[in-house]
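Residue numbers (our numbering): 1 to 194.
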């Protein structure tokens, strides 16, 4: 099968990196990306009937080595107790998304609550589900899978600080329960709200 290195494609579908096996979904107008898994540039059309090389060669970020000061800063900036997804947007902006609904959709679709316009993300990639007994992430039949703390999952209960990988995007789950009360001005003196 002929490898694809650059340009746009006539048609759409799934393509596999020849070096590490990372899968990307491309639509008719998408440019062939650099592989998010290994930086490779040669892709071949993926087949549902061919040999699946899996994800054994896919490198994951070493979160111990990453600078997570942006995460600590985001946590300090949260004023209300609750559950949040936090991630660094492409323009080095930190996004803090409160999880208020029972379902939060993550994907490439315009209907997604958290949208990544990226060929490594499926249109319907993952769901965050809030229930009385906890918050879970579910793989919504994505091509590249959902990973929690570097481990591929179909569903997983989330704990404070857990890393969720969706395509090449890393999100962090924050469960902020102990937010200190904000000062309230009463008669010219600041007092803590009770």
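For each residue, glycine too, the CB sits at the ideal point set by N, CA and C.
Keep in mind it's a predicted model, so treat the numbers as computed, not measured.
| Item | Value |
| --- | --- |
| Three-state secondary structure assigned by DSSP to residue 13 | strand |
| DSSP state of residue 134 mapped onto helix, strand, coil | strand |
| Alpha-carbon to alpha-carbon, residue 103 and residue 113 | 9 Å |
| Residue ranges of each beta strand (DSSP E) within the stretch 84–119, 3 or longer | 94–98 and 103–107 |
| Cβ neighbour criterion (16 or more within 10 Å) applied to residue 36 | buried |
| Three-state secondary structure (DSSP) of residue 143 | coil |
| Close Cβ partners of residue 38 (< 6 Å) along its chain, the five nearest in sequence each way excluded | 19 and 20 |
| For residue 73, three-class secondary structure by DSSP | helix |
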